[in-house]
Every structure is written in C-alpha cells, then in structure tokens.
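Participant: Following our numbering, the residues of the sequence shown are numbered contiguously, the last one being 533. Even glycine gets a Cβ: it sits at the ideal position worked out from N, Cα and C. Quick one: the structure is below, and I'll ask about it shortly.
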Amino acid sequence: MKKLRILLVQPSYKDCVQTLFSIYNTEEGIGFKPPLGLLSIATTIRSRTPHDVVILDCQLDDVHVGNIHEHLSDEYDVVGISAWTDFWYQAAATAARVKELLPRSCVVLGGPHISCYPAESLDHPAVDAIIMGDGEMPMLRLLEVLAGHGASGAGLPAHGLYFDSEPRRSFVPYIHKSLDELPIPDRTLLPLNRYTSVIGVEKFSTTMVTSRGCPFACVYCKMEHQPFNMRSAGSVLDEFRQIKALGISEVEIYDDTFNFSHERTLAICKGLQELDLGIKWAMRDRVDRVDPHVLQALKKAGCVRIHLGIESGSDAVLKAIGKKINVEQARKAVAKAKAAGFEVLTYYMFGLPGESLAEAQKTIELSLELDSDYAEFSITIPYPGTKAYAGALEQGVISSDYWLAFAKTPTPQFVIPQVIENMMDRKTLLSLRDQAIRRFYFRPSYMLRELLKVKSWHEFKKKFQMALGLANVLRGIFIR
Ligand code: B12
Numbered sequence: 054m055k056k057l058r059i060l061l062v063q064p065s066y067k068d069c070v071q072t073l074f075s076i077y078n079t080e081e082g083i084g085f086k087p088p089l090g091l092l093s094i095a096t097t098i099r100s101r102t103p104h105d106v107v108i109l110d111c112q113l114d115d116v117h118v119g120n121i122h123e124h125l126s127d128e129y130d131v132v133g134i135s136a137w138t139d140f141w142y143q144a145a146a147t148a149a150r151v152k153e154l155l156p157r158s159c160v161v162l163g164g165p166h167i168s169c170y171p172a173e174s175l176d177h178p179a180v181d182a183i184i185m186g187d188g189e190m191p192m193l194r195l196l197e198v199l200a201g202h203g204a205s206g207a208g209l210p211a212h213g214l215y216f217d218s219e220p221r222r223s224f225v226p227y228i229h230k231s232l233d234e235l236p237i238p239d240r241t242l243l244p245l246n247r248y249t250s251v252i253g254v255e256k257f258s259t260t261m262v263t264s265r266g267c268p269f270a271c272v273y274c275k276m277e278h279q280p281f282n283m284r285s286a287g288s289v290l291d292e293f294r295q296i297k298a299l300g301i302s303e304v305e306i307y308d309d310t311f312n313f314s315h316e317r318t319l320a321i322c323k324g325l326q327e328l329d330l331g332i333k334w335a336m337r338d339r340v341d342r343v344d345p346h347v348l349q350a351l352k353k354a355g356c357v358r359i360h361l362g363i364e365s366g367s368d369a370v371l372k373a374i375g376k377k378i379n380v381e382q383a384r385k386a387v388a389k390a391k392a393a394g395f396e397v398l399t400y401y402m403f404g405l406p407g408e409s410l411a412e413a414q415k416t417i418e419l420s421l422e423l424d425s426d427y428a429e430f431s432i433t434i435p436y437p438g439t440k441a442y443a444g445a446l447e448q449g450v451i452s453s454d455y456w457l458a459f460a461k462t463p464t465p466q467f468v469i470p471q472v473i474e475n476m477m478d479r480k481t482l483l484s485l486r487d488q489a490i491r492r493f494y495f496r497p498s499y500m501l502r503e504l505l506k507v508k509s510w511h512e513f514k515k516k517f518q519m520a521l522g523l524a525n526v527l528r529g530i531f532i533r
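The structure is reproduced here in structure tokens:
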C-alpha cells in the first residue's frame, strides 16, 4: 500500500465572520482549545493505517492564508481542512492556496459548515472532496481510494465522502453510532502546553467530548443532522487516565448534554473516585437534569464547575425556542449546584426569536438573581441550518439568504447583515449585552467575592485577563 502523508488543518480566525458578539478562543480570550475533531481523525488514521499524519492548529501561532506556505511541504498527498461557518473564508482560501502550491495533493474539507453546505463547498474550485458528518471512517475510505485500493474498504461507509469528480448524488452525513470503537484522541499530536482555560485554575488544561449530537432541538442550534450517541463510562474513564498520564489535571467537557443519562454519569463518577486522579473538571448540564444525588457523586469525582444554559428569563421565550425548560427549573438548578459547592457558569442569549425588550430585561434580572460565579451573555446569531435562521427567512425578518451567499462566495471579514431584529434592533441588542456584562461583573459585591476566591498569583492573572476581556467587549474591542 502506498504510504500517504496527510496534513490536517484547523484554520485561523483571521478574517473570520464579524459577528461582533463574541470573545474568541485566543490566548487573551478564553484560552486556546484543542481541535478535537481533527485529533480524533488523526488518531484513527494512525491506529488503523500506515500513513503519516500531522495536525496544524493555525489558531495557536496566527498561521493564515498569507503565511501558511511556510507549513506546506510538497510531500503532502492529502490536506484536510476543518470548516466552521465563522472561518469559512480562511478554510476556502487555504484550500485555494494549497491547490496552488501543491497541485497534486487531494484537498478535502469537513466540519459543521460542510454539513450545512455540502454542494456549495464541493463547488469550490480548489476542493477535491468533502466529508459530511463524522469524519473518521469516511477519511479512512478516502485514504484507501488514494492509496490505490479503490473504494472497496471493508466495513468503511459508502456515504459521507463525496468527490468533485463524481456525478452529484444526494448528500448523506456519516454518523458513527458506536463511539467506543473510535480510538481515544492522542493528545501528543498537538502541542499540549498551549491549551488553557481562562476560568480554570491550572496552568494547562484540555477539553473532552464524551457524546456527539444532542437529543434536544433548540431553535438556535444546528444538531439535527447528528443523532445523540454517548460513549460508555469505561471509555470516558480511559480517556481521563490517558490525560492524567500526560500530566494534565484540568478538563473541560464540551458535550452539549453530558448528564443526559444519570446512570452513565454515576458510573463515570464512581470510576473517577476509585481512580483518584486528582483531575479537576467541568461539564455542561441542562437545568432539568440537575439532581442532588448526581451532584454529590460529581463532587466526589472532582467535578468543580457546572455550566448551565439558562438562555432567557422569560418562560414564553424559553417555550418558543424549544429549550424545554422553565425559569423556575433554572432557579432550582443553580441553587442546588451552588449548595453542593460547585462553581456555576450560566449562559444567556439576547435577540431570540420573538423576544421583546421587556423579556430581555427579565433575562438580565434573572442573571443577577441567580448570581452564578460566571455568566456569558451573547446575542443570538442565527447560524445556517438552524430553525431560528430558517424561520426568520421565511417570515421575512431576515430579507436575504446571506449564509448561502457567503457559502458560495466566501469573503474576508464578512459582516452578518441582519440578526433577528424585528423586536429589537442591533443597537438595542448590543446595549442590552453591555448592560448585562456591566451589571453582572462590575458589581462591587461580585468583584470582592471573586478577589477573595483567588488563591495564587496565576489565578489572579487569569481573573485580571478575564476582566480586561470584558472591559474590551464593553469598549467595542473584540479579541480575535
Ligand atoms: C468545543 C466547541 C467550541 C470550542 C472550540 C473548540 C475548538 N478549538 O475546536 C469553543 C468553546 C471555543 C467554541 C467556540 C465557538 N463555537 Co463552538 N462548538 C464546540 C462544540 C460544542 C464541540 C466541537 C467538538 O469538539 N466536537 C467533537 C468533535 C469530535 O466533533 P467535530 O468537531 O464536529 O468534528 C467531527 C466532524 O465535524 C468532522 N470534521 C471536523 N473537521 C473536519 C475536517 C476534515 C478534513 C474532515 C474530513 C472532517 C472534519 O469530523 C470530526 C470527527 O468526527 C460544537 C457543538 C458540537 N456538539 O459539535 C460547537 C460548534 C462547533 N460551535 C459553533 C459555534 C457557532 C461557535 C462560535 C462561533 C459561537 C460564537 N458565536 O461565539 C464560537 C467561536 C468559535 C471560534 N472561532 O472560536 C457551532 C458551529 C456552527 C457552524 N455552522 O459552523 C457548533 C456546531 C455549535 C452549534 N450546534 O451551533 N466552540
């Protein structure tokens, strides 16, 4: 079999879509986060094939289309590029640059943007193939084809991989149901000591994903292509063990719904308690899944922080966005988590479909009442593939399909022409977001409490960095 050389690229945020509403994962923002999707693909290639694979995380060193040539060796047979809608311009421009410098290499794209716009992505002149959905198995199939084995790979899926050279057929994402079959991501393929968390306490941290997809269908999130699948407790414990062996003792779990199965959570917690790895970790939960018995187990297992999506202070808005929770559940969940000794991070959104100014004000009041340790306030970006975007287009709240236009013709620093602005205009939304940040974080009682929590110079520096980031948001300066 021909031995192939593969480069997997996580593009830079440079020139990314100007949503103007978020702090990005830069060192000065929330800390760099490892690209887990590429890591999983690279580990799978390594464990199942003789091919060589390298990951280039452009976000770490500001590698972009202007300087990526320094990282492109003419030995690469395959260059895989991850595409999120926010950095679609860099992904597409990188593809073009690769094709220009390495015309014989196969350029393949994957990631959430590709699953939203498969046809438009494949139409890009520099793109040879796309992978839709979970990338590991379709990538093995692609490598089989390129290594000269035809597309007959035993056990490899026939869908999810589409070549530009083939006649067009319908695009079906590949979903890997038995996640335990996939190897645990080999974090040594990335520079481990570059990944951090602004709200963590350790110097280095990593992230983990123990399930894919989500059983819920909130209007602002595109997940419907991805049914919910969980890894077993045993597989999750193996990953924790590997992380500890690498000397990392802080983990952020990025599952949309980590605690969907209490049974699995309790098994993970029991295992972690027995292993006694001393890892501090955080996870995202739904307010309706917070349970005192599970909280106790989580505490004993080293979980220190729980992130809760509250989104709105209005039950009518929560109903309209399909979140399937209510304000009272949010109150109870935060109280229970705080009483059990967890740090709590809450998320809130402004500009949700149908939300009035009075309802948005209720959200700010709720955030103050819940008084969590951290709160993240965002303005709803109607991303492609979401019900929020489709609904706004259908109702004429958004007047043109700007994401489709951007998917076809990616431009640098694309400015979203409209968010959901029928009830409140953009200026009002921005001022609500700023008001929320100011009222939440710049309360003397909050600042004092946070200062008293600081145990080290390192922690103090991180808190200072966070305060600076927030002040920058208020001054209209966005960290890229
Ligand atoms: C972790 C995470 C983050 C981390 C970043 C981690 C990182 N550096 O990768 C943080 C918190 C920083 C983050 C931020 C944002 N995020 Co985010 N994030 C996620 C989350 C929860 C998990 C991603 C993950 O690791 N999944 C696990 C891995 C295994 O899956 P994967 O990444 O999808 O990769 C698989 C496939 O997509 C595919 N694949 C991916 N890349 C490639 C490349 C090739 C070549 C191939 C073949 C295949 C392939 O194969 C992989 C393995 O199966 C997803 C939601 C979700 N559940 O997926 C949202 C998600 C990716 N985020 C999203 C968004 C919008 C954002 C923000 C832009 C939000 C905002 N407005 O601020 C920000 C800013 C991003 C930025 N520029 O920093 C959207 C993207 C939508 C889109 N159309 O692009 C998602 C899908 C959430 C959602 N449902 O709407 N995010």
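Let me check one thing: in DSSP terms, what residues is L361 bridge-paired to?
Facilitator: Answer is D338 and T399.
Participant: Please list, in chain order, all residues of the same chain as T464 whose beta carbon is under 8 Å from its beta carbon, the five residues on each side excluded.
Facilitator: These residues qualify, in order along the chain: Y142.
Participant: Quick check on V289: does DSSP put it in helix, strand or coil?
Facilitator: Reduced to three states, the DSSP call for V289 is helix.
Participant: Between F262 and L61, which are expected to be in contact by the criterion C-beta below 8 Å, what is the C-beta distance as a whole number of angstroms?
Facilitator: Checking the sequence, you will find Val at residue 262 rather than Phe. With 8 Å as the limit, V262 and L61 do not qualify as a contact, their Cβ atoms being about 17 Å apart.
Participant: Grab me the residues of L199's own chain with a C-beta within less than 7 Å of its C-beta, minus the 5 sequence neighbours each way, in chain order.
Facilitator: Excluding residues within five positions, the ones whose Cβ falls inside 7 Å are L57, D130, V131 and C159.
Participant: Please indicate yes or no: does the CB of Y66 lie closer than 6 Å to some heavy atom of ligand 1?
Facilitator: Checking the Cβ of Y66 against ligand 1 gives yes.
Participant: Candidates C69, L113 and Q279: which alpha carbon is nearest F85's?
Facilitator: Residue L113 is the option with its Cα nearest to F85.
Participant: Just to confirm before moving on: does the CB-CB distance between V370 and E422 stay below 7 Å?
Facilitator: No. Outside cutoff.
Participant: Quick one: is L482 buried, meaning 16 or more other Cβ sit within 10 Å of its Cβ, or exposed?
Facilitator: With 16 or more Cβ atoms within 10 Å of its Cβ, L482 is classed as buried.
Participant: When we look at the beta-carbon of V468 and count the other beta-carbons within 10 Å, is it buried (16 or more) or exposed?
Facilitator: It counts as exposed.
Participant: For ligand 1, I want to know if T138 counts as a neighbour, meaning its beta carbon is within less than 6 Å of at least one of the ligand's heavy atoms.
Facilitator: Yes, Cβ of T138 sits closer than 6 Å to a heavy atom of ligand 1.
Participant: Need the endpoints of the beta strand (DSSP E) that R58 sits in, please.
Facilitator: Unbroken beta strand (DSSP E) run through R58: R58 to Q63.
Participant: In chain order, what are the residue ranges of uninterrupted alpha helix (DSSP H) at least 4 long that sit wholly in the stretch 362 to 445?
Facilitator: Within the stretch 362 to 445, the complete alpha helix (DSSP H) runs of at least 4 residues are 368 to 373, 380 to 392 and 410 to 423.
Participant: By Cβ distance, which residues of its chain are closer than 8 Å to F517, with the 5 residues on each side in sequence left out?
Facilitator: Answer for F517: no residue qualifies.
Participant: Residues in the same chain with beta-carbon distance under 7 Å from N282, minus the five sequence neighbours each way, listed in chain order, please.
Facilitator: Taken in chain order, the residues that qualify are K230, L232, S264, R265 and G266.
Participant: List the DSSP bridge partners of D105.
Facilitator: Per DSSP, R58.
Participant: Please classify T241: is it buried, with 16 or more other beta-carbons within 10 angstroms of its beta-carbon, or exposed?
Facilitator: It is exposed - the Cβ of T241 has fewer than 16 other Cβ atoms within 10 Å.
Participant: Could you give the C-beta distance for T399 and I363, rounded to a whole number, given that I count them as a contact under 8 Å?
Facilitator: Correct: roughly 5 Å between the Cβ atoms.
Participant: Using 8 Å for Cβ pairs, my map puts M336 next to I306. What's the rounded Cβ distance?
Facilitator: Going by Cβ atoms, the distance from M336 to I306 rounds to 4 Å, so yes, they are a contact pair.
Participant: CB-CB under 6 Å to C356, same chain, minus the five flanking residues each way: which ones, in chain order?
Facilitator: These residues qualify, in order along the chain: W334.
Participant: Any contact of the stretch 336 to 354 with the stretch 378 to 398, i.e. 3+ C-beta pairs under 8 Å?
Facilitator: Yes, the stretch 336 to 354 is in contact with the stretch 378 to 398.
Participant: Just the Cα atoms here: how many angstroms apart are E327 and T310?
Facilitator: Looking at the two C-alpha atoms, the distance is approximately 24 Å.
Participant: Under the assumption that G404 contacts I473 (Cβ atoms under 8 Å), give the Cβ distance between them as a whole number of angstroms.
Facilitator: Contact holds; Cβ gap of about 5 Å.
Participant: In the DSSP assignment, what are the bridge partners of N312?
Facilitator: BP columns for N312 are empty, so no partner.
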